[in-house]
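Colleague: Chains as they are written, first to last, in my numbering: chain R, 1 to 319; chain F, 1 to 319. Ideal Cβ positions, reconstructed from N, Cα and C, are used throughout, including at glycine. Remember, predicted model here, so these are calculated numbers, not experimental data.
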């Protein structure tokens with residue numbers, strides 16, 4: 001078995017773990033920075049750990065692609081895989097900690113208006129005091145209760161919100177910190193009681209445009225929206241309207257319909273919109289890359305032993 | 001008994017609670033926006049709830065001043081009180097939630113480099129990915145384990161730090177979330193094992209300059225400092241040197257030796273320094289003003305009944 005690892009964030013300890021695991025399963029291993037530098041004798045590799053778009057599209061020998069990302073929408077096109085039987089796993093479970101910290105940070109930056117204080121001090125101005133909001137006693141709704149939503153909920157509960165509810169496809173979640181978990185079909189009745197809406201959804205047919213203009217209108221005046229999943233989940237133009245009109249308190253977007261955000265996007269100038277360049281989930285954080293590599297190695301053992309893969313993606317739903 | 005309340009942040013429910021309590025203890029009550037608008041017949045008031053600097057300095061009739069702030073250093077001058085027997089209480093216990101949120105926000109803004117991403121997006125730039133740090137597995141030290149430190153610790157523990165230790169005058173704390181609480185005399189041995197130092201100390205003779213140039217030198221390379229107590233606790237020039245030299249990862253200061261920060265201060269241009277204009281503890285947050293007013297009313301009942309006041313300041317130590 002030939003295994004290719006394409007990852008430029010690996011440290012020595014990660015390389016050692018991967019080498020040890022490959023040795024254990026008797027695999028030939030290639031570790032490289034880029035899909036463009038795969039030598040001829042590895043073009044028929046059976047397993048790849050990496051984004052793998054180029055390889056998956058052409059290799060009929062690839063039997064398992066392990067993506068280091070949580071979202072795998074970029075691999076869901078009809079021609080993404082030359083081998084239609086190729087297994088696909090994601091790395092959901094490694095980004096929750098990183099992204100949860102980001103959500104807490106940007107939520108507080110908006111509610112406590114640190115975005116405004118920061119903009120002023122960058123200009124050398126001692127800002128004026130202004131009314132602030134708090135996570136304490138806020139009504140928080142988490143749309144998407146996977147690893148990311150659950151890691152956020154664990155942290156959010158320590159801030160003593162008035163309520164912390166989840167909304168998921170099934171109406172269930174493995175997360176233990178929600179007061180209650182609703183089905184997506186109940187979303188319209190949850191939004192009017194939401195001061196902070198946190199969205200961490202994969203890009204699928206079902207989630208596209210889920211935060212529509214109508215639903216944005218259901219949020220109470222002054223509510224906040226954070227999106228760390230995929231940009232396609234929000235009607236960006238409707239969100240920008242609500243922000244520019246001052247109906248919402250603010251929004252923090254780490255993901256966008258088009259990334260990088262185009263230079264001429266109106267979002268750059270939208271009022272009370274905090275933009276970050278898709279950096280919430282970051283492999284430079286020790287814990288994230290550690291978990292990411294560990295999860296691949298666990299599944300490599302599973303694969304070699306013929307056991308089911310833990311992070312297998314269901315292509316019918318897209319995550 | 002005449003009672004004056006000077007507070008411009010009160011909502012109707014707060015006024016009602018104060019009126020009800022004053023009625024219960026048979027007090028004549030004046031509620032006003034400013035010490036400058038106290039009518040002649042209230043100049044001999046026995047109790048004031050407000051910053052009270054002007055009144056305390058001249059009134060020989062004032063027997064109890066309840067300050068709405070946690071820090072009362074501005075009332076510690078030899079001529080602060082015309083009546084040397086005047087009791088002084090602070091409102092420590094009402095700001096912890098507000099300030100704890102601020103600490104979490106600015107810590108994550110620095111560690112996750114959202115300060116830099118935010119500065120870039122304000123300029124319309126899609127920032128480049130860069131190495132981030134995390135509260136997860138960080139070694140956190142809380143210098144000052146009163147209400148503010150404890151409220152921070154409660155939240156911080158949910159981020160799964162490697163360690164969370166307190167440092168206090170007594171080596172004890174009512175906070176339950178610390179792995180261990182050290183005495184201030186042990187500070188030098190704690191600093192070398194600190195990735196994030198959170199300072200929430202009152203301004204007293206003992207805390208002045210406590211984070212000296214030498215102690216800043218004890219922090220590991222890349223450490224972060226947050227100060228939400230009083231500016232006097234830090235050698236600002238030494239901190240600016242360490243930041244400009246890149247020895248520290250960053251610092252977030254909400255308090256300064258001189259406030260507002262003077263236009264010609266080098267801190268405005270110091271590298272990786274996040275400045276906020278003394279806004280971490282904010283009475284506009286519902287919970288903070290609610291607690292602040294409730295605490296005064298509780299102590300007003302205590303005062304009227306001749307019971308000890310709960311938030312009495314020990315003027316020998318200054319808090």
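Do the CB positions of residue 132 of chain R and residue 285 of chain F come within less than 9 Å of each other?
Modeller: Yes, these two residues count as a Cβ contact at 9 Å.
Colleague: Determine the closest residue to residue 291 of chain F out of F:57, F:266, F:90, with distance taken between C-alpha atoms.
Modeller: Checking every option, the nearest Cα to that of residue 291 of chain F belongs to F:90.
Colleague: Are residue 59 of chain R and residue 43 of chain R close, meaning C-beta to C-beta below 9 Å?
Modeller: Yes, the Cβ-Cβ distance between residue 59 of chain R and residue 43 of chain R is below 9 Å.
Colleague: Of all Cβ atoms in chain F, is any one closer than 9 Å to the Cβ of residue 113 of chain R?
Modeller: For residue 113 of chain R, the answer is yes, since a Cβ of chain F falls inside 9 Å of its Cβ.
Colleague: Check the Cβ of residue 124 of chain R against every Cβ in chain F and list those closer than 8 Å, keeping chain order.
Modeller: Those within 8 Å of residue 124 of chain R in chain F are 263, 268.
Colleague: Can you check whether the C-beta of residue 286 of chain F is within less than 9 Å of a C-beta belonging to chain C?
Modeller: Protein chains R and F are contained in the structure displayed, whereas chain C is not.
Colleague: Could you tell me if residue 258 of chain R is buried or exposed, where buried requires 16 or more neighbouring beta carbons within 10 angstroms of its beta carbon?
Modeller: That one is exposed.
Colleague: Taking Cβ positions, are residue 262 of chain F and residue 129 of chain R nearer each other than 9 Å?
Modeller: No, the Cβ-Cβ distance between residue 262 of chain F and residue 129 of chain R is not below 9 Å.
Colleague: Report the residues of the segment 80-107 of chain F with a CB closer than 8 Å to any CB of chain R, ordered along the chain.
Modeller: Hits within the stretch, in order: 97, 98, 101, 102, 104, 105, 106.
Colleague: Within the 9 Å Cβ cut-off, does residue 159 of chain F reach chain R?
Modeller: Output row for residue 159 of chain F: interface = yes.
Colleague: State the start and end residues of the unbroken alpha helix (DSSP H) segment that holds residue 75 of chain R.
Modeller: From DSSP, residue 75 of chain R is part of no alpha helix (DSSP H); its letter is neither H nor E.
Colleague: Quick one: which chain R residues come within Cβ less than 8 Å of residue 231 of chain F?
Modeller: What residue 231 of chain F touches in chain R: nothing, since even the nearest Cβ is about 13 Å away.
Colleague: What does residue 282 of chain R touch in chain F if you count any residue whose Cβ is under 7 Å from its own?
Modeller: Neighbours of residue 282 of chain R on chain F, chain order: 132.
Colleague: At a Cβ threshold of 9 Å, is residue 33 of chain R touching chain F?
Modeller: No, residue 33 of chain R lies away from the interface with chain F (no Cβ there is under 9 Å from its Cβ).
Colleague: Give a yes or no on whether the minimum CB-CB distance between residue 216 of chain F and chain R is below 9 Å.
Modeller: False, the Cβ-Cβ gap to chain R never drops below 9 Å.
Colleague: Could you tell me whether the segment 163-172 of chain R touches the segment 220-230 of chain R, where touching means 3 or more Cβ pairs closer than 8 Å?
Modeller: Taking 8 Å as the limit for Cβ pairs, the verdict is that the segment 220-230 of chain R does not touch the segment 163-172 of chain R.
Colleague: Strictly under 9 Å for the Cβ-Cβ distance: is residue 121 of chain R near chain F by that measure?
Modeller: Yes, residue 121 of chain R lies at the interface with chain F (some Cβ there is under 9 Å from its Cβ).
Colleague: I'd like to check one pair, residue 107 of chain F with residue 135 of chain F: are the Cβ atoms closer than 9 Å?
Modeller: Closer than 9 Å, so yes.
Colleague: Here's the rule I'm using: 16 or more other beta-carbon atoms within 10 Å means buried, otherwise exposed. How should residue 74 of chain R be labelled?
Modeller: Looking at its Cβ environment, which holds fewer than 16 other Cβ atoms inside 10 Å, residue 74 of chain R is exposed.
Colleague: I'd like to know whether the C-beta atoms of residue 49 of chain F and residue 18 of chain F end up nearer to each other than 9 Å.
Modeller: For residue 49 of chain F and residue 18 of chain F, yes; Cβs fall inside 9 Å.
Colleague: Cutting at 6 Å between CB atoms, please list the residues of its own chain near residue 173 of chain F, excluding the five before and the five after it.
Modeller: 145, 166, 181, listed in sequence order.
Colleague: Opposite residue 141 of chain F in the DSSP bridges: which residues?
Modeller: DSSP lists F:165, F:197 as partners of residue 141 of chain F.
Colleague: Just confirm the distance between the C-beta atoms of residue 233 of chain F and residue 253 of chain F, as a whole number of angstroms; I'd bet it's less than 8 Å.
Modeller: That belief does not hold up - the Cβ atoms of residue 233 of chain F and residue 253 of chain F are roughly 10 Å apart, past 8 Å.
Colleague: Mind reading off the beta-carbon distance from residue 186 of chain F to residue 162 of chain F? Whole number of angstroms is fine, and I expect it under 8 Å.
Modeller: Wrong, their Cβ atoms sit about 19 Å apart, outside the cutoff.
Colleague: What does residue 279 of chain R reach in chain F if we use C-beta pairs closer than 7 Å?
Modeller: The contacting residues are 117, 129.
Colleague: Going by the CB atoms, is the gap between residue 207 of chain F and residue 229 of chain F shorter than 9 Å?
Modeller: Cβ atoms of residue 229 of chain F and residue 207 of chain F: closer than 9 Å.
Colleague: With 9 Å as the threshold, decide whether the Cβ of residue 109 of chain F is near any Cβ in chain R.
Modeller: Taking Cβ atoms only, chain R reaches closer than 9 Å to residue 109 of chain F, which makes this a yes.
Colleague: Is it right to say residue 300 of chain F is buried, meaning 16 or more other beta carbons lie within 10 angstroms of its own, or is it exposed?
Modeller: Answer is buried; the Cβ neighbour count reaches 16.
Colleague: What is the rounded straight-line gap between the Cα of residue 308 of chain R and the Cα of residue 66 of chain R?
Modeller: Roughly 13 Å separates the two Cα atoms.
Colleague: Label residue 320 of chain F either buried or exposed according to how many other C-beta atoms from any shown protein chain fall within 10 Å of its C-beta, with 16 as the threshold for buried.
Modeller: Look at the range of chain F in this structure, 1 to 319, and you will see that residue 320 of chain F is not part of it.
Colleague: By the 10 Å Cβ neighbour count, where 16 or more other Cβ atoms means buried, how is residue 23 of chain R classified, buried or exposed?
Modeller: Exposed, by the Cβ-count rule.
Colleague: What residue from F:238, F:87, F:31 has the CA that sits closest to residue 302 of chain F's CA?
Modeller: Per the Cα distances, F:87.
Colleague: Would you please state the rounded distance, in angstroms, between the beta carbons of residue 96 of chain R and residue 151 of chain R? I believe it to be under 8 Å.
Modeller: So it is a contact: roughly 3 Å between Cβ atoms.
Colleague: Kindly indicate if chain F contains any beta-carbon less than 9 Å away from that of residue 315 of chain R.
Modeller: With 9 Å as the cut-off, residue 315 of chain R does not count as an interface residue toward chain F.
Colleague: Compare the Cα-Cα distances from residue 345 of chain R to each of R:318, R:319, R:289, R:282 and report the closest residue.
Modeller: The requested residue 345 of chain R is not part of the displayed model; chain R covers only 1 to 319.
Colleague: Cα separation between residue 109 of chain R and residue 55 of chain F?
Modeller: C-alpha separation (whole angstroms): 37 Å.
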